[in-house]
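Residue numbers (this note's numbering): 80 to 599.
Built from N, CA and C at the ideal position, the CB exists for glycine as well.
Notes follow once the structure below has been shown.
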Amino acid sequence: MNIRRVLLSSLVVLAIGSTISCKSKGEKESKSETVTKPNVVVIYLDDLGYGDVSAYGGKGLETPNIDKLAAGGVQFTNGYASSATCTPSRFALLTGVYPWKNKDARILPGTAPLLISTTQQTLPKMFKAQGYQTGIVGKWHLGLGDGHTDWNKHISPGPNEVGFESSYIMAATQDRVPTVYIENGDVVGLDPNDPIEINYKENFEGQPTGVDNPEMLKMMWHHGHNSSIVNGIPRIGYMKGGEAAKWKDEDMADHFLAKAKTYVKEHKKSPFFLYYAMQQPHVPRTPHPRFVGKSGLGARGDVILEADWVIGEFIKTLEEEGILENTLIVFSSDNGPVLNDGYNDGADETLDLHDPKGGLRGGKYSLYEAGTRVPFITYWKGHIQPKVSDALVCQMDLLASLATLIGSEEKTTDSQDILDTFLGKSDKGRESLIIEANTRTALRKGDWILIPPYKGPKVADKVNIELGNGKDFQLYNLKEDLGQENDLAKSKPDVLKDMIASFEAIRGKDYSNTKKLDLK
Ligand code: NG6
Ligand code: CA
80 MNIRRVLLSS
90 LVVLAIGSTI
100 SCKSKGEKES
110 KSETVTKPNV
120 VVIYLDDLGY
130 GDVSAYGGKG
140 LETPNIDKLA
150 AGGVQFTNGY
160 ASSATCTPSR
170 FALLTGVYPW
180 KNKDARILPG
190 TAPLLISTTQ
200 QTLPKMFKAQ
210 GYQTGIVGKW
220 HLGLGDGHTD
230 WNKHISPGPN
240 EVGFESSYIM
250 AATQDRVPTV
260 YIENGDVVGL
270 DPNDPIEINY
280 KENFEGQPTG
290 VDNPEMLKMM
300 WHHGHNSSIV
310 NGIPRIGYMK
320 GGEAAKWKDE
330 DMADHFLAKA
340 KTYVKEHKKS
350 PFFLYYAMQQ
360 PHVPRTPHPR
370 FVGKSGLGAR
380 GDVILEADWV
390 IGEFIKTLEE
400 EGILENTLIV
410 FSSDNGPVLN
420 DGYNDGADET
430 LDLHDPKGGL
440 RGGKYSLYEA
450 GTRVPFITYW
460 KGHIQPKVSD
470 ALVCQMDLLA
480 SLATLIGSEE
490 KTTDSQDILD
500 TFLGKSDKGR
510 ESLIIEANTR
520 TALRKGDWIL
530 IPPYKGPKVA
540 DKVNIELGNG
550 KDFQLYNLKE
560 DLGQENDLAK
570 SKPDVLKDMI
580 ASFEAIRGKD
590 YSNTKKLDLK
């Protein structure tokens with residue numbers, strides 16, 4: 080076949096693809112208009128803060144590729160992850176259910192069983208039911224198997240059992256064992272003569288650790304992170320064997336990018352949903368040598384630049400494959416920023432002008448704004464008119480909203496259909512939202528946020544982040560006081576009363592958490 084014929088036949092295939100139409104609410108309103116089923120890609124970063132993106136006013140760091148999405152799409156200023164940590168936010172994103180409704184939705188060890196029930200409604204299942212191909216590349220951190228996983232056999236249930244037809248993941252986090260990639264339930268590159276063993280309680284005899292073998296470390300631990308050593312980096316949890324399968328941290332960004340690009344190329348002919356869960360800027364921060372020293376802000380800045388570059392490359396692929404205009408991209412982060420999250424990588428010494436919190440209070444793990452308010456952008460070239468939106472939106476709302484986009488009739492509980500807001504056609508967001516941080520919850524409603532009283536330290540001293548704990552209710556007006564400096568609980572008793580009533584109407588009365596925080 081000559082090149083012209085190849086081009087011609089792919090055009091025909093694209094044309095056939097584009098006639099697949101759906102009935103969204105918008106369509107019903109505009110009667111005759113037929114909307115193509117677009118591809119949907121969720122690009123999800125790990126611990127990227129509100130101020131880490133230059134389009135969000137981030138200083139001292141340029142993120143030109145993310146900025147392009149912001150400038151060409153809807154840039155939300157009140158966009159939230161459901162939680163201030165990873166697992167619960169990802170649970171809410173994929174299921175459309177508040178994570179505090181699942182008592183196990185907390186930061187999971189690498190050996191945790193699958194958190195999402197295989198009978199539960201999920202974003203990928205919904206896409207699949209509408210004829211989409213579904214895939215995940217990147218960080219999972221929602222548990223695998225039944226909690227007694229043999230990593231040397233097929234690992235199930237996992238992403239493939241909750242709706243992803245194709246999966247290429249890391250099981251938990253970059254700082255947790257097992258430090259291997261898993262493709263459709265099988266560890267990649269595993270040598271059967273060197274089986275993997277994992278234990279989160281005790282070490283395997285004779286295996287070096289971060290505590291006993293500091294001479295083997297290229298990155299020093301600060302708190303936690305002193306169990307098995309992989310690639311000179313001490314991790315959480317003990318691992319033995321699996322040498323050939325271990326990932327190379329500095330190559331992870333390129334590795335996942337290659338997988339995401341391949342996914343796009345192999346699935347471009349009919350609509351797909353891709354969840355691209357990148358690992359940056361979570362610890363351990365291991366920029367590829369191309370990015371080392373590039374930000375002048377240390378490893379954390381360097382991996383943000385790396386992530387931005389990756390996003391640029393990924394979008395270039397969509398462009399080259401001719402599908403950028405048929406792809407809705409959602410960009411966000413699973414929780415707010417943290418500097419020293421357990422390694423001495425200099426993140427807290429090299430900030431200069433850069434404020435990862437973007438003027439918000441708190442950070443990862445916190446009920447204050449910086450815990451859950453994150454960069455949040457929707458981009459669909461030629462379909463979304465660029466704008467900045469102050470509407471209150473949550474990642475949990477993607478399920479109900481995208482259902483409408485692709486013509487699904489799925490009923491959801493906590494996820495709200497705000498498709499028009501995500502597409503920039505409306506400024507009406509949610510009226511209220513419960514946010515969560517290590518099982519504690521707070522209510523955002525209108526311009527107000529109510530933080531109930533919680534026991535526990537005011538500041539998580541190891542990570543140096545204010546958590547939001549206190550003896551009394553706290554009440555802030557975010558429109559007037561974004562930095563949450565003026566607690567109005569005493570001076571605005573009527574608002575306080577109304578907020579407590581609204582909070583308890585959703586959350587019930589049993590929200591007090593007296594358990595110790597799980598920060599180690
Ligand atoms: C904490 C880890 C932290 C990080 C976090 C999960 C320690 C001391 N700290 O327990 O480094 O891994 O869990 O982050 O172990 S998250 O973004 O996946 O929620
Ligand atoms: Ca995270």
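Cβ contact annotation for leucine 478 (same chain, cutoff 6 Å, sequence separation greater than five): Gly175, Leu202, Thr491 and Ser494, in chain order. The continuous beta strand (DSSP E) containing arginine 519 extends over residues 519-524. For the set Gly321, Asp330, Glu294 and Ala323, the Cα lying nearest the Cα of proline 313 is the one of Glu294. In the assembly as shown, aspartate 328 is a buried residue. Its beta-carbon has 16 or more other beta-carbons within 10 Å. When the alpha-carbon of proline 257 is set against those of Met205, Gln212 and Glu322, the nearest one is in Glu322.
Per DSSP, tyrosine 422 is not a residue of any beta strand (DSSP E), being assigned neither H nor E. Note that the C-beta distance between isoleucine 544 and lysine 460 is not below 9 Å. The alpha carbon of alanine 470 has as its nearest neighbour, out of Gly264, Thr483, Ile456 and Gln359, the alpha carbon of Ile456. Setting aside the 5 residues that flank it on each side, glycine 316 is surrounded in the same chain by Gly189, Arg255, Val256, Tyr279 and Ser306, each with a C-beta closer than 6 Å to its C-beta; the list follows chain order. Lysine 576 has its alpha-carbon roughly 43 Å from the corresponding atom of glutamine 253. With respect to glycine 415, serine 468 sits apart: the two C-beta atoms are not nearer than 9 Å. DSSP places asparagine 144 in the uninterrupted alpha helix (DSSP H) bounded by 143-151. In the DSSP annotation of this structure, the continuous segment of the alpha helix (DSSP H) that includes threonine 396 starts and ends at 377-399. In the DSSP assignment, leucine 353 falls within the unbroken beta strand (DSSP E) covering 351-356.
Per DSSP, reduced to three states, the secondary structure at asparagine 118 is strand. Here arginine 185 is not bridged, per DSSP, to any residue.
Contact between aspartate 427 and leucine 418 holds, with the beta-carbon distance rounding to 4 Å and staying under 8 Å. Remark: C-beta atoms of lysine 524 and methionine 578 approach each other more closely than 9 Å. Beta-carbon to beta-carbon, isoleucine 145 and alanine 134 are separated by about 6 Å, close enough to satisfy the 8 Å threshold. Checking the 8 Å criterion, the Cβ of lysine 443 is within range of a heavy atom belonging to ligand 1.
Of the candidates Lys218, Ala191, Ala171 and Ile186, Ala171 places its Cα closest to the Cα of glutamine 199. Counting only runs of 3+ residues, the beta strand (DSSP E) found wholly inside the stretch 204-271 occupies 212-218, 245-249 and 260-262, in chain order. Counting the other Cβ atoms within 10 Å of the Cβ of lysine 138 gives fewer than 16, which makes it exposed. With a cut-off of 8 Å, the C-beta of cysteine 473 is classified as distant from ligand 2, since no heavy atom of the ligand falls inside that distance. A Cβ-Cβ distance of about 3 Å is found for the pair lysine 297 and glycine 311, placing them in contact under the 8 Å criterion.
One alpha carbon belongs to tryptophan 219, the other to valine 574, and they sit about 40 Å apart.
For glycine 450, the secondary structure class from DSSP, reduced to helix, strand or coil, is helix. If you look at glutamate 489, you'll find it isn't in any beta strand (DSSP E); DSSP assigns it neither H nor E. Ligand 1 has no heavy atom closer than 8 Å to the beta-carbon of arginine 519. Under DSSP, methionine 318 takes part in a beta bridge, and its partners are Ile277. Proximity to ligand 2 was defined by a C-beta distance below 6 Å to any of its heavy atoms, and the residues meeting it, in sequence along the chain, are Asp125, Asp126, Cys165, His361, Asp413 and Asn414. Note that the C-beta distance between proline 192 and asparagine 231 is not below 9 Å. For tyrosine 342, the enclosing alpha helix (DSSP H) stretches over residues 331-346.
The stretch 375-383 makes no contact with the stretch 236-245; the number of CB pairs closer than 8 Å stays below 3.
DSSP lists Arg519 as the bridge partner or partners of alanine 516. In the three-state reduction of the DSSP assignment, valine 467 falls in the strand class, which pools E and B.
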